[in-house]
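Asks:
Numbering (full-length UniProt numbering), first residue to last: 1 to 232.
Given below as structure tokens:
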């Protein structure tokens with residue numbers, strides 16, 4: 001696990017390092033601490049990371065500059081900040097969790113547990129998915145996504161305008177941050193339930209989901225029952 005901490009207060013950075021090492025003691029983490037946004041951005045551009053722990057106020061610098069420019073990257077971001085009024089906006093941009101300062105071990109561990117859990121924040125959900133195009137960041141309104149399919153280490157967003165765009169996060173990573181109207185119906189597909197029209201049983205005990213635009217999406221046998229219940 002490769003973890004970057006961007007935090008300008010040395011005392012808090014040390015707490016984060018200690019607690020992070022404690023949580024990942026059975027799978028040692030590679031930890032790097034940067035005390036400014038510029039150092040953090042340079043590190044991200046030169047290195048692969050799995051988790052970013054990000055403060056939103058670093059000596060007057062706005063951590064959202066990192067969030068907005070790096071939100072399309074494949075790693076997960078956990079905000080650690082006293083600026084709780086920014087939580088809704090942070091979740092809109094697809095952060096994994098928002099840990100308010102002051103924080104304790106239990107709250108930070110709860111955020112780390114979300115890396116493997118299916119639970120999602122109850123009241124706040126993702127509004128945009130950010131994709132990189134020719135070095136620029138484009139925000140895709142989540143309500144325009146019909147379904148998402150796996151594309152190797154990436155994901156392909158299939159939109160209501162019949163266009164598709166690649167996202168740097170994997171299907172598993174996106175599943176952790178997508179709002180409740182999105183459901184994993186197959187190992188390679190996540191679908192927006194607002195796009196679902198009807199379930200189809202095909203010869204050989206194969207299942208498909210027909211969307212309102214007529215497309216057929218395969219449904220995994222083990223996911224059919226849950227999808228049927230969701231659709232009523």
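Cβ atoms here follow ideal geometry from the backbone N, Cα and C, with glycine treated the same way. Just so you know, these numbers come straight off a predicted model, no measurement behind them.
Quick test of the definition: if touching needs 3 or more C-beta pairs under 8 Å, does the region 90–99 touch the region 125–138?
Replies: With a cut-off of 8 Å, the region 125–138 and the region 90–99 count as touching, because enough Cβ pairs lie within range.
Asks: In the DSSP assignment, find the beta strand (DSSP E) that holds residue 183 and state where it starts and stops.
Replies: Residue 183 sits at position 183 when you count from the first residue of the chain shown. From DSSP, the beta strand (DSSP E) with residue 183 extends over 182–186.
Asks: Taking the straight line between their C-alpha atoms, what separation do you get for residue 111 and residue 6?
Replies: Taking the chain shown and counting its residues from 1, one reaches residue 111 at position 111. Taking the chain shown and counting its residues from 1, one reaches residue 6 at position 6. Approximately 16 Å, taken between the alpha carbons.
Asks: Can residue 50 and residue 75 be called in contact, C-beta distance under 8 Å?
Replies: As a first step, residue 50 must be located in the chain shown, where it is residue number 50. As a first step, residue 75 must be located in the chain shown, where it is residue number 75. Going by C-beta atoms, residue 50 is nearer than 8 Å to residue 75.
Asks: Mapping the DSSP letters down to three states, classify residue 169 as helix, strand or coil.
Replies: Locating residue 169 in the chain shown gives position 169, where the first residue counts as 1. The answer is coil: DSSP assigns residue 169 none of H, G, I, E or B.
Asks: Terminal residues of the continuous beta strand (DSSP E) containing residue 83?
Replies: Translated into the one-based positions of the chain shown, residue 83 becomes position 83. No beta strand (DSSP E) contains residue 83, which DSSP labels as neither H nor E.
Asks: Could you say which of 213, 180, 161 lies nearest to residue 197 if we only look at CA atoms?
Replies: Here residue 197 refers to the residue found at position 197 when the chain shown is read from its first residue. Taking only the C-alpha atoms, the option nearest residue 197 is 213.
Asks: In whole angstroms, give me the CA-to-CA distance for residue 27 and residue 1.
Replies: In the chain shown, residue 27 corresponds to position 27, counting from 1. In the chain shown, residue 1 corresponds to position 1, counting from 1. The straight-line gap from Cα to Cα measures roughly 7 Å.
Asks: Using only CA atoms, which one of 4, 194, 73, 30 lies nearest to residue 37?
Replies: If you number the chain shown from 1, residue 37 lands on position 37. Minimum Cα distance to residue 37 is reached at 4.
Asks: Below 7 Å CB to CB, which residues in the same chain sit around residue 210 once its five sequence neighbours on both sides are set aside?
Replies: In the chain shown, counting from the first residue as 1, residue 210 sits at position 210. Around residue 210: 197, 198, 200, 216.
Asks: Quick one: what's got a C-beta closer than 6 Å to residue 223's C-beta in the same chain, skipping five residues either side?
Replies: Indexing the chain shown from 1 puts residue 223 at position 223. Excluding sequence neighbours, residue 223 sits near 185.
Asks: I think residue 190 touches residue 183, with their Cβ atoms under 8 Å apart; what is that distance to the nearest whole Å?
Replies: By one-based count along the chain shown, residue 190 stands at place 190. By one-based count along the chain shown, residue 183 stands at place 183. Right, their Cβ atoms sit about 7 Å apart.
Asks: Rounded to a whole number of angstroms, what is the C-alpha to C-alpha distance between residue 12 and residue 18?
Replies: For the purposes of this step, residue 12 is taken as residue 12 along the chain shown, with counting starting at 1. For the purposes of this step, residue 18 is taken as residue 18 along the chain shown, with counting starting at 1. Straight-line Cα distance between these residues: approximately 10 Å.
Asks: What does residue 151 pair with, by DSSP beta-bridge criteria?
Replies: In the chain shown, the residue the question calls residue 151 occupies position 151. Paired residue(s): 154.
Asks: In this structure, does DSSP put residue 17 in helix, strand or coil?
Replies: The residue you call residue 17 lines up with position 17 of the chain shown. Helix at residue 17.
Asks: Between the Cα of residue 205 and those of 219, 192, 107, spot the shortest distance and give me the residue it belongs to.
Replies: Indexing the chain shown from 1 puts residue 205 at position 205. The shortest Cα separation from residue 205 among 219, 192, 107 belongs to 219.
Asks: First and last residue of the beta strand (DSSP E) that includes residue 64?
Replies: On the chain shown, residue 64 is found 64 positions in, with the first residue counted as 1. Premise fails: residue 64 lies in the alpha helix (DSSP H), 64–70, not in any beta strand (DSSP E).
Asks: How many Å lie between residue 122 and residue 88 at the Cα?
Replies: Within the chain shown, residue 122 is the residue found at index 122, counting from 1. Within the chain shown, residue 88 is the residue found at index 88, counting from 1. Residue placement at residue 122 is flagged as unreliable, the pLDDT there being 49, under the threshold of 50; the coordinate-derived value follows with that caveat. Going by the C-alpha atoms only, they are around 12 Å apart.
Asks: For residue 228, count neighbouring C-beta atoms within 10 Å of its own C-beta (all shown protein chains included) and say buried if the count is 16 or more, exposed if not.
Replies: Here residue 228 refers to the residue found at position 228 when the chain shown is read from its first residue. Exposed, by the Cβ-count rule.
Asks: Could you give the DSSP three-state label for residue 196: helix, strand or coil?
Replies: Sequence index remark: in the chain shown, residue 196 carries index 196 (1-based). Strand.
Asks: Give every residue of the same chain whose Cβ lies closer than 7 Å to the Cβ of residue 208, excluding the five residues on either side of it in the sequence, and list them in chain order.
Replies: Taking the chain shown and counting its residues from 1, the one referred to as residue 208 is at position 208. Once the five neighbours on either side are set aside, the close Cβ partners of residue 208 are 200, 202, 216, 217, 218, 219.
Asks: Provide the residue span of the beta strand (DSSP E) that contains residue 137, from first to last.
Replies: Counting from 1 along the chain shown, the entry for residue 137 is found at position 137. Counting along the chain, the beta strand (DSSP E) containing residue 137 begins and ends at 136–141.
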